[in-house]
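Remarks on the structure that follows.
There are 2 protein chains.
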Amino acid sequence: MQRTYIGDILRGRANGREVTVAGWAQDIRNLKNVTFIVLRDSTGRLQVNVKDQKLRDAVSDLARESVISVSGAIVEEPKSRLGAEIDAYSINILNRSDAPLPMGVDDPVEADFETRLNNRFIDLRKPEKAMIFRVESSMLWGIRKFLKEQGFVEVHSPKIVAAATEGGAELFPVQYFEKKAYLNQSPQLYKEILMSAGLDRVFEVGPAFRAEEHNTPRHLNEFTSVDIEVSFADHEDVMGILENAIGQGIKQVKEDLGGELEALSLRMPEARVPFPRITYERCLEELSRDGINVNFGEDLSPEQLRLLGDRMGGFYFITKWPSSLRPFYTMPDPERPEITNSFDLQFREKEITSGAQRVHDPKMLEQRFRAKGLNPTDFEFYIKAFRYGMPPHAGWGLGLERLVMILLDLPNIREATLFPRDRTRVVP
Amino acid sequence: MQRTYIGDILRGRANGREVTVAGWAQDIRNLKNVTFIVLRDSTGRLQVNVKDQKLRDAVSDLARESVISVSGAIVEEPKSRLGAEIDAYSINILNRSDAPLPMGVDDPVEADFETRLNNRFIDLRKPEKAMIFRVESSMLWGIRKFLKEQGFVEVHSPKIVAAATEGGAELFPVQYFEKKAYLNQSPQLYKEILMSAGLDRVFEVGPAFRAEEHNTPRHLNEFTSVDIEVSFADHEDVMGILENAIGQGIKQVKEDLGGELEALSLRMPEARVPFPRITYERCLEELSRDGINVNFGEDLSPEQLRLLGDRMGGFYFITKWPSSLRPFYTMPDPERPEITNSFDLQFREKEITSGAQRVHDPKMLEQRFRAKGLNPTDFEFYIKAFRYGMPPHAGWGLGLERLVMILLDLPNIREATLFPRDRTRVVP
Numbered sequence: 001m002q003r004t005y006i007g008d009i010l011r012g013r014a015n016g017r018e019v020t021v022a023g024w025a026q027d028i029r030n031l032k033n034v035t036f037i038v039l040r041d042s043t044g045r046l047q048v049n050v051k052d053q054k055l056r057d058a059v060s061d062l063a064r065e066s067v068i069s070v071s072g073a074i075v076e077e078p079k080s081r082l083g084a085e086i087d088a089y090s091i092n093i094l095n096r097s098d099a100p101l102p103m104g105v106d107d108p109v110e111a112d113f114e115t116r117l118n119n120r121f122i123d124l125r126k127p128e129k130a131m132i133f134r135v136e137s138s139m140l141w142g143i144r145k146f147l148k149e150q151g152f153v154e155v156h157s158p159k160i161v162a163a164a165t166e167g168g169a170e171l172f173p174v175q176y177f178e179k180k181a182y183l184n185q186s187p188q189l190y191k192e193i194l195m196s197a198g199l200d201r202v203f204e205v206g207p208a209f210r211a212e213e214h215n216t217p218r219h220l221n222e223f224t225s226v227d228i229e230v231s232f233a234d235h236e237d238v239m240g241i242l243e244n245a246i247g248q249g250i251k252q253v254k255e256d257l258g259g260e261l262e263a264l265s266l267r268m269p270e271a272r273v274p275f276p277r278i279t280y281e282r283c284l285e286e287l288s289r290d291g292i293n294v295n296f297g298e299d300l301s302p303e304q305l306r307l308l309g310d311r312m313g314g315f316y317f318i319t320k321w322p323s324s325l326r327p328f329y330t331m332p333d334p335e336r337p338e339i340t341n342s343f344d345l346q347f348r349e350k351e352i353t354s355g356a357q358r359v360h361d362p363k364m365l366e367q368r369f370r371a372k373g374l375n376p377t378d379f380e381f382y383i384k385a386f387r388y389g390m391p392p393h394a395g396w397g398l399g400l401e402r403l404v405m406i407l408l409d410l411p412n413i414r415e416a417t418l419f420p421r422d423r424t425r426v427v428p
Numbered sequence: 429m430q431r432t433y434i435g436d437i438l439r440g441r442a443n444g445r446e447v448t449v450a451g452w453a454q455d456i457r458n459l460k461n462v463t464f465i466v467l468r469d470s471t472g473r474l475q476v477n478v479k480d481q482k483l484r485d486a487v488s489d490l491a492r493e494s495v496i497s498v499s500g501a502i503v504e505e506p507k508s509r510l511g512a513e514i515d516a517y518s519i520n521i522l523n524r525s526d527a528p529l530p531m532g533v534d535d536p537v538e539a540d541f542e543t544r545l546n547n548r549f550i551d552l553r554k555p556e557k558a559m560i561f562r563v564e565s566s567m568l569w570g571i572r573k574f575l576k577e578q579g580f581v582e583v584h585s586p587k588i589v590a591a592a593t594e595g596g597a598e599l600f601p602v603q604y605f606e607k608k609a610y611l612n613q614s615p616q617l618y619k620e621i622l623m624s625a626g627l628d629r630v631f632e633v634g635p636a637f638r639a640e641e642h643n644t645p646r647h648l649n650e651f652t653s654v655d656i657e658v659s660f661a662d663h664e665d666v667m668g669i670l671e672n673a674i675g676q677g678i679k680q681v682k683e684d685l686g687g688e689l690e691a692l693s694l695r696m697p698e699a700r701v702p703f704p705r706i707t708y709e710r711c712l713e714e715l716s717r718d719g720i721n722v723n724f725g726e727d728l729s730p731e732q733l734r735l736l737g738d739r740m741g742g743f744y745f746i747t748k749w750p751s752s753l754r755p756f757y758t759m760p761d762p763e764r765p766e767i768t769n770s771f772d773l774q775f776r777e778k779e780i781t782s783g784a785q786r787v788h789d790p791k792m793l794e795q796r797f798r799a800k801g802l803n804p805t806d807f808e809f810y811i812k813a814f815r816y817g818m819p820p821h822a823g824w825g826l827g828l829e830r831l832v833m834i835l836l837d838l839p840n841i842r843e844a845t846l847f848p849r850d851r852t853r854v855v856p
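Quick mapping for you: the protein sequence lines, in order, are chains D and G.
Counting in our numbering, the first sequence runs from 1 upward without gaps.
Counting in our numbering, the second sequence runs from 429 upward without gaps.
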């Protein structure tokens with residue numbers, strides 16, 4: 001179907017005066033001599049003026065949100081509030097909507113979140129909701145483009161696995177024919193194996209699954225994980241890659257969507273690379289100056305992170321976390337094994353992601369398994385890759401929905417997820 | 429770590445004469461006055477000459493495939509068969525390998541496939557095996573780049589679902605807290621819902637899961653599905669997008685890897701757009717001229733496809749398949765409902781992918797469910813999106829591993845899968 005996007009008409013970029021547009025009849029008003037239709041497509045809205053009586057009869061009782069195509073002439077100097085008008089020559093009804101709608105597209109009062117998620121196909125017709133996913137797509141494109149330029153290979157690791165990444169609970173069981181298997185919590189073990197395989201620098205974008213029992217506005221049971229792993233690299237190297245990837249992602253969003261974001265009152269933060277670094281121990285000192293005492297080895301509470309966030313501003317790294325707070329695969333500092341070559345990337349008080357240099361010595365790895373109460377024999381398929389030539393390596397993993405939630409300052413991670421999966425929700 | 433890739437030295441693109449290289453000691457030979465090490469990284473191999481006695485002592489009993497870094501001087505006119513040499517000043521042993529290796533990297537006789545898959549971290553150290561995944565990554569980049577230029581939004585739909593896409597068996601059950609759920613076979617229903625949501629044109633790259641009982645060289649139980657869906661489009665529109673996406677993918681592979689592919693005796697076919705089209709019924713006529721009678725409604729057998737493939741050459745579309753051979757969501761031809769607005773993309777005798785215009789009318793959709801023996805109430809979350817303004821739409825879905833297997837003419841789809849999942853294999 002040859003059609004013109006409404007956005008091109010609004011911006012005066014349509015070819016010619018006669019066009020065919022297609023979309024949803026968001027509003028239909030019958031006046032004495034004319035019927036007005038507000039027509040919406042993915043790029044904007046315009047007013048359709050229907051004067052011909054036969055056409056008016058055809059559309060006068062059309063339900064809102066029906067899908068139509070309209071051929072007509074662009075009105076040269078439209079007075080309508082939408083900024084563009086078409087005088088209709090012909091109208092084709094492509095799919096009639098039922099009435100009433102389960103929720104409105106343009107209601108002054110927003111439906112409750114459950115209703116919105118149950119009717120996501122209507123919720124996303126609101127430009128400010130759809131825009132979140134355009135941002136997510138652009139952000140990801142910017143990150144991928146940067147990683148490709150840096151020589152990364154995009155890989156796909158299995159999501160059905162026999163062993164738990166972090167050995168913990170929080171696993172969804174899968175019946176894999178006669179075997180018991182699980183949904184993978186993270187591609188961590190696989191991307192590390194690929195370092196032993198010599199792929200040098202890999203990234204993966206794919207789903208990860210966590211059977212967390214508690215619903216919060218910040219957690220999903222299924223999310224999109226963006227992971228990298230780099231050989232012959234340490235935590236400093238991959239912090240550099242991370243800050244540049246985020247910076248390029250934000251740049252891409254502004255390039256692709258800048259004007260539209262502003263029009264919807266959405267804003268992306270500035271990312272000035274390099275981001276400041278502060279060690280975990282320095283954080284404790286800063287807090288103690290405010291009279292807050294945190295013992296070495298304790299995690300930082302949301303309130304403490306808020307204080308630090310106020311001081312540090314936008315993006316910053318907290319580095320060198322205690323070993324006790326980090327998973328088995330995190331490399332201890334060679335000089336001081338009670339701390340690790342690790343980092344969290346923060347935006348104000350919020351954690352965007354974490355990463356580290358990894359243990360590459362198989363004996364140290366087995367010790368770390370045992371120290372964390374895990375049985376190395378359960379991870380033989382993984383440790384084996386360390387025994388026959390595993391290079392030093394480092395990496396990070398980033399939840400895409402969480403990143404977008406934080407950058408766009410959304411109140412709930414489900415806003416950045418098309419069809420969220422949580423403690424109770426597995427439909428739609 | 430500051431290091432130089434071996435590939436840059438081989439191509440004379442290293443900065444300066446003194447370099448640090450890092451990788452795997454593939455071979456170590458002790459001669460009278462010198463020790464030779466064949467050092468391999470992800471970009472190539474070179475010879476390290478170790479003359480200093482202290483260094484020789486340190487590496488003389490080093491196990492093959494140990495990971496080392498070497499600082500030294502590039503030899504100006506190397507006589508070695510590898511094309512580049514370094515005289516070592518210093519050697520750093522980063523991780524010692526155990527011996528013997530579970531399989532060789534450079535053995536004249538290849539290990540059997542099971543051993544290779546069990547030790548994928550060694551198997552992929554062979555450049556011709558790793559290259560398959562570089563091709564996959566480049567191919568995907570080329571396809572994504574084209575789709576982005578065409579205005580597509582990249583999306584992520586849930587993999588844990590409550591309903592079966594095609595209603596069939598072949599589903600892996602997941603225990604989702606107290607609920608029974610499944611791993612999704614395809615993002616089909618979700619990408620269609622997103623058309624009702626007004627996202628206009630979307631694509632997704634993600635895992636899909638099929639609990640097929642039988643092992644074949646062409647099937648995986650978990651694979652990477654590349655899916656698109658386009659609003660206000662029919663099968664012809666998305667065939668155009670498909671042939672261009674494949675064409676751009678192949679172009680990207682040649683751009684990124686052309687010379688290296690040739691060096692490894694791997695070849696990508698030419699893609700001359702537009703690809704020829706032939707209808708299913710025309711295929712039957714062609715076959716009957718060869719004395720082969722296929723009744724309308726029967727699928728084409730591998731032998732019949734081989735005959736057609738010989739006649740049609742490389743890429744071609746078979747269009748307008750019978751309704752009985754297509755899933756419920758396929759749009760019947762409005763003039764002749766016994767055939768559909770559908771297509772398969774073939775490469776010689778092999779099917780790369782299939783796609784179609786979809787049913788958008790909710791009543792027709794319910795009829796099609798019933799005609800296929802499915803209960804529409806099981807799909808209420810999906811049909812609902814059709815009742816309140818679903819535009820006409822079309823799309824396709826493509827298995828990435830299958831595409832790469834076909835284009836590189838690999839004997840088994842597992843060759844194009846890092847860690848395959850099949851009837852018996854869920855590790856590593």
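Ideal placement from N, C-alpha and C gives every residue a C-beta, glycine not left out.
In the displayed model, residue 738 of chain G falls within a helix according to three-state DSSP. In the three-state scheme derived from DSSP, where H, G and I count as helix and E and B as strand, residue 158 of chain D is classed as coil.
CA-to-CA, the gap between residue 814 of chain G and residue 788 of chain G works out to about 6 Å. Contact of residue 146 of chain D with chain G by beta-carbon distance below 7 Å is absent, the smallest such distance being about 13 Å. With respect to residue 604 of chain G, residue 419 of chain D sits apart: the two C-beta atoms are not nearer than 8 Å. The alpha-carbon separation between residue 845 of chain G and residue 432 of chain G amounts to approximately 29 Å. A direct Cα-Cα distance of roughly 29 Å separates residue 716 of chain G from residue 835 of chain G. The Cβ atoms of residue 853 of chain G and residue 545 of chain G lie closer than 8 Å to each other. Runs of beta strand (DSSP E) with 3 or more residues, each lying fully within the stretch 727-800 of chain G, are found at 743-747, 770-775, 778-785, listed in chain order. When rounded, the separation of the alpha-carbon atoms in residue 515 of chain G and residue 507 of chain G is 13 Å. Inter-residue distance for residue 306 of chain D and residue 466 of chain G is about 53 Å (C-alpha atoms, whole angstroms). Between the alpha carbons of residue 723 of chain G and residue 712 of chain G lies a distance of about 8 Å.
One finds nothing in chain D with a Cβ atom closer than 8 Å to the Cβ of residue 728 of chain G; even the nearest lies about 30 Å away. For residue 603 of chain G, the residues of chain D that pass the 7 Å Cβ criterion are 172, 173, in the order they occur in the chain. For the stretch 625-636 of chain G, the set of residues with a beta-carbon nearer than 7 Å to any beta-carbon of chain D comprises 625, 626, 627, 628, 634, 635, in chain order.
With fewer than 16 neighbouring CB atoms inside 10 Å of its own CB, residue 690 of chain G falls in the exposed class.
Considering only beta carbons, the part of the stretch 87-104 of chain D lying closer than 9 Å to chain G consists of 94, 95, 96, 97, 98, 99, 101, 102, in chain order. Think of a sphere of 8 Å around the beta carbon of residue 561 of chain G: the chain D residues whose beta carbon falls inside it are 153, 155, 199, in chain order.
With respect to residue 762 of chain G, residue 768 of chain G sits apart: the two C-beta atoms are not nearer than 8 Å. The beta carbon of residue 29 of chain D lies closer than 6 Å to those of 36 in the same chain, with the five residues before and after it left out. Residue 771 of chain G has its alpha-carbon roughly 7 Å from the corresponding atom of residue 749 of chain G.
In the same chain as residue 685 of chain G, and ignoring 5 residues on each side of it, the C-beta atoms closer than 8 Å to its own belong to 559, 562, 563, 566, in chain order. The C-beta of residue 396 of chain D comes no closer than 8 Å to any C-beta of chain G. For residue 66 of chain D, same chain residues with a beta-carbon under 6 Å away, outside a window of 5 residues either side, are 25, 96, 97 in chain order.
Residue range 201-209 is occupied by the beta strand (DSSP E) that includes residue 207 of chain D.
Bounds of any beta strand (DSSP E) do not take in residue 591 of chain G, whose DSSP letter is neither H nor E. Contact annotation for residue 431 of chain G against chain D: 232 [CB-CB distance below 9 Å, chain order]. Here residue 799 of chain G has no same chain residue with a Cβ atom under 7 Å from its own Cβ, once five neighbours each way along the sequence are excluded. Taking CB atoms only, residue 805 of chain G has no neighbour in chain D less than 8 Å away.
Non-local beta-carbon contacts of residue 479 of chain G in its own chain, meaning distances under 6 Å to residues more than five positions away in sequence, involve 462 in chain order. In the structure shown, the three-state DSSP call for residue 615 of chain G is coil.
For the pair residue 742 of chain G and residue 254 of chain D, the Cα-to-Cα distance works out to about 42 Å.
Scanning chain G for C-beta atoms nearer than 9 Å to the C-beta of residue 405 of chain D yields nothing, as the closest lies near 14 Å away. Judged by their CB atoms, residue 706 of chain G and residue 667 of chain G are not nearer to each other than the 8 Å cut-off. Against residue 332 of chain D, chain G offers no close residue; the least beta-carbon distance is about 16 Å (beta-carbon pairs closer than 9 Å). Neighbours of residue 702 of chain G across chain D, judged by C-beta separation under 8 Å, do not exist; the nearest C-beta is about 18 Å away.
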